[in-house]
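Engineer:
Protein chains in written order, with the numbering used here: chain A, 1 to 171; chain B, 172 to 573.
(1) What do you reckon, are the CB atoms on residue 86 of chain A and residue 212 of chain B nearer than 8 Å?
(2) DSSP three-state label for residue 545 of chain B, please.
(3) Pick out whichever of B:359, B:326, B:320, B:317 has its Cα sitting closest to the Cα of residue 336 of chain B.
(4) Note down, in chain order, every chain B residue with its Cβ under 7 Å from the Cβ of residue 74 of chain A.
(5) Going by other Cβ atoms of all chains shown within 10 Å of its Cβ, with 16 needed for buried, is residue 554 of chain B buried or exposed?
(6) Using a Cβ-Cβ distance cut-off of 8 Å, determine whether residue 219 of chain B contacts chain A.
(7) What are the partner residues of residue 514 of chain B, as DSSP defines its beta bridges?
(8) Can you tell me whether residue 528 of chain B is helix, strand or coil according to DSSP?
(9) What residues from chain B crowd round residue 120 of chain A, counting only those whose CB sits closer than 9 Å?
(10) Applying a beta-carbon distance threshold of less than 7 Å, which residues of chain A neighbour residue 404 of chain B?
(11) For a test of the three-state rule: what should DSSP assign to residue 261 of chain B, helix, strand or coil?
(12) Would residue 56 of chain A be called buried (16 or more neighbouring beta carbons within 10 Å of its own) or exposed?
(13) Residue 376 of chain B by DSSP, collapsed to three states: which one?
(14) Check residue 111 of chain A in the structure and name its three-state DSSP category.
(15) Who are the near neighbours of residue 470 of chain B in its chain, counting only those whose CB is closer than 6 Å to its CB and skipping five residues on each side?
(16) Per DSSP, residue 569 of chain B is paired with what?
(17) Let me check one thing: in DSSP terms, what residues is residue 410 of chain B bridge-paired to?
(18) Please classify residue 106 of chain A: does DSSP put it in a helix, a strand, or coil?
(19) Could you compute how far the alpha carbon of residue 170 of chain B sits from the alpha carbon of residue 412 of chain B?
(20) Looking at C-alpha atoms only, which residue of B:371, B:372, B:533 is the closest neighbour of residue 511 of chain B?
(21) Return the first residue and the last residue of the alpha helix (DSSP H) that residue 283 of chain B is part of.
(22) Return helix, strand or coil for residue 222 of chain B, following the three-state DSSP convention.
(23) Consider the Cβ of residue 209 of chain B: report whether some Cβ of chain E lies at a distance smaller than 8 Å.
(24) Is the CB-CB distance between residue 93 of chain A and residue 42 of chain A below 8 Å?
(25) For a contact meaning CB atoms closer than 8 Å, what does residue 98 of chain A contact in chain B?
(26) Under a Cβ-count criterion, where at least 16 other Cβ atoms within 10 Å of its own Cβ denotes burial, should residue 501 of chain B be classed as buried or exposed?
(27) Whose C-beta lies closer than 6 Å to the C-beta of residue 111 of chain A among residues of the same chain, with five residues either side of it excluded?
(28) Is the shortest distance between the beta-carbon of residue 87 of chain A and the beta-carbons of chain B less than 8 Å?
(29) Flag residue 495 of chain B as yes when its Cβ comes closer than 7 Å to any non-hydrogen atom of the ligand FMN, and as no otherwise.
(30) Looking at the structure shown, is residue 305 of chain B part of a helix, part of a strand, or coil, going by DSSP?
(31) Does the beta carbon of residue 192 of chain B sit closer than 8 Å to a beta carbon anywhere in chain A?
(32) Looking at C-alpha atoms only, which residue of B:389, B:425, B:454 is the closest neighbour of residue 442 of chain B?
(33) Using a Cβ-Cβ distance cut-off of 8 Å, determine whether residue 212 of chain B contacts chain A.
(34) Output needed for residue 444 of chain B: all residues of its chain with C-beta closer than 7 Å, excluding positions within five of it in sequence on either side, in chain order.
(35) Under 8 Å Cβ-Cβ, which residues of chain B neighbour residue 117 of chain A?
(36) Taking the beta strand (DSSP E) that residue 91 of chain A falls in, what are its first and last residues?
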């Protein structure tokens with residue numbers, strides 16, 4: 001049994017190692033800033049000048065109030081937001097609604113120059129480099145990327161197996 | 172009247188740039204010849220909403236439009252090749268065939284990857300020491316024995332050939348390829364002549380949207396050649412005899428090698444010969460008393476060293492043999508130990524700046540303190556060719572080093 005836990009933990013970590021490079025999660029990052037009155041400013045940072053498409057899926061009940069792009073470069077459809085990146089290094093949009101703790105924002109991107117796709121990473125507040133000094137204490141956690149989730153799962157499995165093994169050895 | 176019309180038509184055909192048959196700009200929905208930001212934005216949003224993925228053929232069109240917008244400001248790109256022919260491109264090239272190793276080397280310097288190249292000349296495929304990524308790559312034969320069926324089978328979207336070297340053969344390849352595939356542009360680019368090399372770099376950079384990389388490469392060459400110029404212009408030029416891999420075959424004005432001797436601050440003793448690559452009478456060398464002799468190796472009976480990395484001892488053997496030629500003991504070059512062996516890999520093609528730097532050091536040893544051809548060679552391989560800088564071992568390219 002304990003061997004089974006160990007194997008499961010190791011297997012989970014191996015899966016993380018294999019899957020994560022294909023996800024290319026590091027390309028595009030999302031930050032979420034509270035903007036008061038249940039509104040949030042979402043900032044998407046693009047590390048290079050490129051042409052890309054982003055699809056953001058918001059939790060139900062959220063409303064999109066504002067997008068920093070020209071009208072031809074985005075389309076909002078209920079809780080799905082389509083964004084066309086044409087050289088921009090940062091795109092922001094403002095949403096209103098119960099983002100926390102009801103759900104997360106999930107995003108995918110396609111870089112049409114590099115021919116790559118991936119998931120938008122981030123969502124946990126990392127706003128210190130932005131102006132406005134937002135209140136980070138109530139920062140919503142949205143759009144957790146696949147990497148920490150899978151890595152955490154693997155570590156939990158491994159930790160559980162190890163502690164169970166120790167417990168049995170001591171008894 | 173009819174004659175006037177014919178003349179006008181002929182003038183139009185000559186002056187009108189060659190435009191690819193697939194001339195419509197991708198993503199130019201209103202057909203005004205410009206991909207506007209709004210047009211691209213709408214196409215992107217529409218594609219996202221449709222859920223189409225990168226593997227969808229319609230997305231390839233969007234990718235091309237995106238590329239043209241980003242690298243060509245949303246318009247077609249007209250490039251004049253080394254032969255003076257104007258070619259207008261409306262989309263990026265994805266499936267090129269390169270039959271000129273100097274152009275391929277320059278493409279690598281610009282970061283143009285193998286993924287855009289579907290086939291190469293057979294000699295490129297046989298140089299794994301310098302083009303490891305093309306070892307065993309699909310080949311279309313050579314300039315002299317071209318496999319036209321293979322060219323067609325690769326469905327290229329462009330072909331790259333020499334402009335001035337092997338001109339008759341390359342003209343024939345261009346004629347036959349154009350007859351079979353009129354939509355496929357044939358670029359004639361040399362990428363070996365020092366006088367036009369930096370222009371060729373700019374042409375390739377424009378074609379592939381690599382202007383930044385091109386500027387970086389041009390700057391590297393200008394810096395290196397400026398250091399050479401400082402040394403070479405500082406004192407009287409020595410009289411130089413340069414012999415290629417064929418014994419007693421030299422160079423004259425009009426050849427790239429003559430220009431390289433001059434750049435390095437030497438005076439070519441056969442500069443005024445009417446032929447660019449004359450075979451000369453051995454007695455005439457003795458009569459002209461060269462101060463410096465340079466023997467080029469790397470071809471015909473002198474295949475050793477260079478990137479092959481073999482037989483470094485042969486450099487000394489060749490030097491000793493040349494110095495021992497009948498009657499040569501009286502030459503200033505031999506008496507003063509100024510006979511040098513130089514591998515053509517660092518003089519004949521895009522790497523000429525390395526060979527020229529070695530030559531400038533040999534021609535002006537008293538003023539060449541700042542010249543460091545080994546470091547230059549290493550930097551070129553590492554920064555631009557993405558190759559192991561250890562390949563720049565001077566024992567395999569020159570003898571003696573100083």
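By construction, the Cβ of each residue, glycine as well, lies at the ideal position given by its N, Cα and C atoms. Just so we're clear, the structure is a prediction, and the values are computed from it rather than from any experiment.
Structural biologist: Taking the coordinates as given:
(1) Translated into positions along the first chain, residue 86 of chain A becomes position 86. Translated into positions along the second chain, residue 212 of chain B becomes position 41. In contact: residue 86 of chain A and residue 212 of chain B (Cβ atoms closer than 8 Å).
(2) The count along the second chain starts at 1 and reaches residue 545 of chain B at position 374. DSSP places residue 545 of chain B in helix when its eight states are reduced to three.
(3) Reading the second chain from its first residue, position 165 is the one you call residue 336 of chain B. It is B:359 whose Cα lies nearest to the Cα of residue 336 of chain B.
(4) Reading the first chain from its first residue, position 74 is the one you call residue 74 of chain A. Within chain B, the residues near residue 74 of chain A are 216.
(5) As a first step, residue 554 of chain B must be located in the second chain, where it is residue number 383. Exposed: under 16 other Cβ atoms inside 10 Å.
(6) The residue given as residue 219 of chain B occupies position 48 in the second chain. By this cut-off, residue 219 of chain B is an interface position.
(7) Counting from 1 along the second chain, the entry for residue 514 of chain B is found at position 343. Residue 514 of chain B pairs with B:468.
(8) Within the second chain, numbered from 1, the residue matching residue 528 of chain B stands at position 357. Helix at residue 528 of chain B.
(9) Numbered from 1 along the first chain, position 120 holds the residue referred to as residue 120 of chain A. Within 9 Å Cβ-Cβ: nothing; residue 120 of chain A doesn't reach chain B, min ~13 Å.
(10) Counting from one through the second chain, the residue named residue 404 of chain B turns up at place 233. Going along chain A, no residue has its Cβ under 7 Å from residue 404 of chain B, so there is no contact; the nearest lies around 42 Å.
(11) One-based indexing of the second chain puts residue 261 of chain B at position 90. Note: residue 261 of chain B maps to coil in three-state DSSP.
(12) Along the first chain, read from residue 1 onward, the residue named residue 56 of chain A stands at position 56. Residue 56 of chain A comes out buried.
(13) Stepping through the second chain from its first residue, residue 376 of chain B is reached at position 205. The answer is helix: DSSP assigns residue 376 of chain B an H, G or I state.
(14) As a working note, residue 111 of chain A is residue 111 in the first chain. Looking at residue 111 of chain A - three-state DSSP - the assignment turns out to be strand.
(15) Working through the second chain from its first residue, we reach residue 470 of chain B at position 299. So the qualifying residues of the chain are 416.
(16) Position 398 of the second chain holds residue 569 of chain B. Its beta-bridge partners are B:513.
(17) Position 239 of the second chain, counted from the first residue, corresponds to residue 410 of chain B. B:438, per the DSSP bridge assignment.
(18) For this step, residue 106 of chain A is matched to residue 106 along the first chain. Correct three-state label for residue 106 of chain A: strand.
(19) Chain B is shown from 172 up to 573; residue 170 of chain B falls before or after that span and cannot be answered.
(20) Position 340 of the second chain holds residue 511 of chain B. Residue 511 of chain B has its Cα closest to that of B:533, out of B:371, B:372, B:533.
(21) Along the second chain, read from residue 1 onward, the residue named residue 283 of chain B stands at position 112. Residue 283 of chain B -> no alpha helix (DSSP H), and no H or E assigned at all.
(22) On the second chain, residue 222 of chain B is found 51 positions in, with the first residue counted as 1. Coil at residue 222 of chain B, not helix or strand.
(23) The chain inventory of the structure shown lacks chain E, comprising the protein chains A and B.
(24) Here residue 93 of chain A is taken as the residue at index 93 of the first chain, counted from 1. Here residue 42 of chain A is taken as the residue at index 42 of the first chain, counted from 1. Contact flag set, yes.
(25) Locating residue 98 of chain A in the first chain gives position 98, where the first residue counts as 1. Chain B residues near residue 98 of chain A: none, gap ~26 Å exceeds 8 Å.
(26) Translated into the one-based positions of the second chain, residue 501 of chain B becomes position 330. That one is exposed.
(27) To locate residue 111 of chain A, count along the first chain from 1; it is residue 111. Within the same chain, residue 111 of chain A has close Cβ partners 50, 52.
(28) As a first step, residue 87 of chain A must be located in the first chain, where it is residue number 87. Taking Cβ atoms only, chain B reaches closer than 8 Å to residue 87 of chain A, which makes this a yes.
(29) Of ligands this structure carries none, so the ligand FMN is not represented either.
(30) Indexing the second chain from 1 puts residue 305 of chain B at position 134. Here residue 305 of chain B sits in helix by DSSP.
(31) Translated into the one-based positions of the second chain, residue 192 of chain B becomes position 21. Its pLDDT being 39, under 50, residue 192 of chain B is placed unreliably in this model, and the value from its coordinates should be taken loosely. So, not an interface residue.
(32) Translated into positions along the second chain, residue 442 of chain B becomes position 271. Nearest C-alpha to residue 442 of chain B: B:425.
(33) Along the second chain, one-based indexing puts residue 212 of chain B at 41. Residue 212 of chain B counts as touching chain A.
(34) Within the second chain, numbered from 1, the residue matching residue 444 of chain B stands at position 273. Taken in chain order, the residues that qualify are 423.
(35) The residue you call residue 117 of chain A lines up with position 117 of the first chain. The contacting residues are 224, 225.
(36) For the purposes of this step, residue 91 of chain A is taken as the residue at position 91 of the first chain. Run containing residue 91 of chain A: 90 to 96, per the beta strand (DSSP E) assignment.
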